[in-house]
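Peer 1:
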C-alpha cells in the first residue's frame, strides 16, 4: 500500500492534534503536526534529509494571526513580505521552491476569494473550509496528489475575478518597468532587495547623489511617490531582487 505522508500546520494545538488523529485513522495516511511555519519548514527539511519526504501540507490560512484580529488582506507583492513561513500564505510560498514535490492545501475558517487567489498564486493546490467533512478533506488530499486544484464552488467565480485583476495589474506594471533604462532597472532591483541609497551607491560604484537621481527617475517613470510603492509595483511585474550574495557588479557599464 502506498502511504500518503501529511503534515498538519496549525498554531491551534487542539485543532491540529484532532485533525492529525482523524487522518491517522486512515490506513494509507501517515500524519505529523507542526505548530508554526518555521517549525513546519524544519520538519520538511528533516524529513527530506532522512529520505521520507512529506506529500501534502495542510496549512492554516490564519497561521500566526493574533486572536480577534482581521487577517491582513495583503495585495500580492505590496508592502514588505513577511518572514519565510511566518503566516499561512508565506509558508505556502516558502515551500514552493525548496520542496517542489510537496502539495499544499490551505485550511480556512471563512470563504475569502482574495486570500484564496493569493494562496493559489503562492503555489497552493487547494483551499478548503476547516469545518468540511473528513471525507471531503481526504478527497482533496488525494486529488492534489493527482495534480488537481481544489476550490469550494462558491469561491470559484470570485477567485477567477481576483486572478484576472492580478494579471492586469501585472501587465500594467511590466509595461512601466520596461520604460526604465538598464541602470534604473538595476537600481530598482537593489530597492526590491531592501538596499538604501548609500548601499546602492556602494554596490554599483556610484555616488549617493547619482543614486538619488536614479531613484527619483525610477519613481517618476513608475508613477509612484515612495520607495515602498515602487517595490510593490516591481514585485507585481516580477522584478527579482538584486543578488546580494553575488560578486558580479556593474562598473561604468563593465562587469567587475
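Residue numbers (my numbering): 2 to 257.
Glycine included, every Cβ here is placed at the ideal spot set by N, Cα and C.
Short check: CB of residue 201 to CB of residue 236, under 9 Å?
Peer 2: Not closer than 9 Å, so no.
Peer 1: For residue 154, which option in 102, 112, 140, 176 has the closest C-alpha, if you only look at C-alpha atoms?
Peer 2: Looking at the Cα atoms, 112 is the closest of the given residues.
Peer 1: Excluding sequence positions up to five away, which residues of its chain have a Cβ less than 8 Å from the Cβ of residue 3?
Peer 2: The residues are 29.
Peer 1: Beta carbon of residue 6, beta carbon of residue 54: below 9 Å?
Peer 2: Cβ distance < 9 Å, so residue 6 and residue 54 count as in contact.
Peer 1: With 9 Å set as the bound, which would you pick, yes or no: does the beta-carbon of residue 107 sit closer than that to a beta-carbon of chain B?
Peer 2: Of the protein chains in this structure there is only one, and it is not chain B.
Peer 1: Determine which residues share a DSSP beta bridge with residue 162 and list them.
Peer 2: In DSSP, residue 162 forms no bridge with anything.
Peer 1: Give me the Cα-Cα distance between residue 65 and residue 230, rounded to the nearest whole angstrom.
Peer 2: Roughly 26 Å between the two C-alpha positions.
Peer 1: According to DSSP, simplified to helix, strand and coil, what is residue 151?
Peer 2: Strand, per DSSP.
Peer 1: Specify, as a first and last residue, the run of the beta strand (DSSP E) that residue 127 falls within.
Peer 2: From DSSP, the beta strand (DSSP E) with residue 127 extends over 127 to 130.
Peer 1: Can you name, in chain order, every residue of its own chain whose Cβ lies under 6 Å from the Cβ of residue 175, other than the five neighbours on each side?
Peer 2: The residues are 238.
Peer 1: Please classify residue 1 as buried or exposed, where buried requires at least 16 neighbouring CB atoms within 10 angstroms.
Peer 2: A question about residue 1 goes unanswered here, because the residues of the chain that appear run from 2 up to 257.
Peer 1: Hey, would you say residue 118 sits closer than 9 Å to residue 163, going by beta carbons?
Peer 2: Against a cut-off of 9 Å, the Cβ pair of residue 163 and residue 118 comes out as a contact.
Peer 1: Using the Cα positions of residue 199 and residue 209, report the straight-line distance between them to the nearest angstrom.
Peer 2: In a straight line, the C-alpha of residue 199 is about 6 Å away from that of residue 209.
Peer 1: Which residues in the same chain as residue 90 place their Cβ atom closer than 6 Å to its Cβ, once the five residues preceding and following it in sequence are excluded?
Peer 2: Same-chain partners within the cutoff: 119, 120, 123.
Peer 1: Give the straight-line distance between the Cα atoms of residue 144 and residue 152, rounded to the nearest whole angstrom.
Peer 2: Between residue 144 and residue 152, the C-alpha separation is close to 11 Å.
Peer 1: Could you tell me which residues DSSP puts in a beta bridge with residue 31?
Peer 2: 6.
Peer 1: How big is the Cα-Cα spacing for residue 95 and residue 221?
Peer 2: Answer to the nearest angstrom: the Cα atoms are 33 Å apart.
Peer 1: List the residues that DSSP assigns as beta-bridge partners of residue 107.
Peer 2: DSSP output for residue 107 lists 60, 128 as bridge partner(s).
Peer 1: Can you tell me which of 215, 214, 197, 223 puts its alpha carbon nearest to the alpha carbon of residue 245?
Peer 2: Out of 215, 214, 197, 223, 197 has the C-alpha closest to the C-alpha of residue 245.
Peer 1: Tell me the rounded alpha-carbon separation between residue 173 and residue 166.
Peer 2: Between residue 173 and residue 166, the C-alpha separation is close to 11 Å.
Peer 1: Return the CA-CA distance between residue 243 and residue 13, expressed in angstroms with no decimal places.
Peer 2: Rounded to the nearest angstrom, the two C-alpha atoms are 38 Å apart.
Peer 1: Excluding sequence positions up to five away, which residues of its chain have a Cβ less than 8 Å from the Cβ of residue 15?
Peer 2: Excluding positions up to five away in sequence, the list is empty.
Peer 1: Could you give the DSSP three-state label for residue 133: helix, strand or coil?
Peer 2: Note: residue 133 maps to coil in three-state DSSP.
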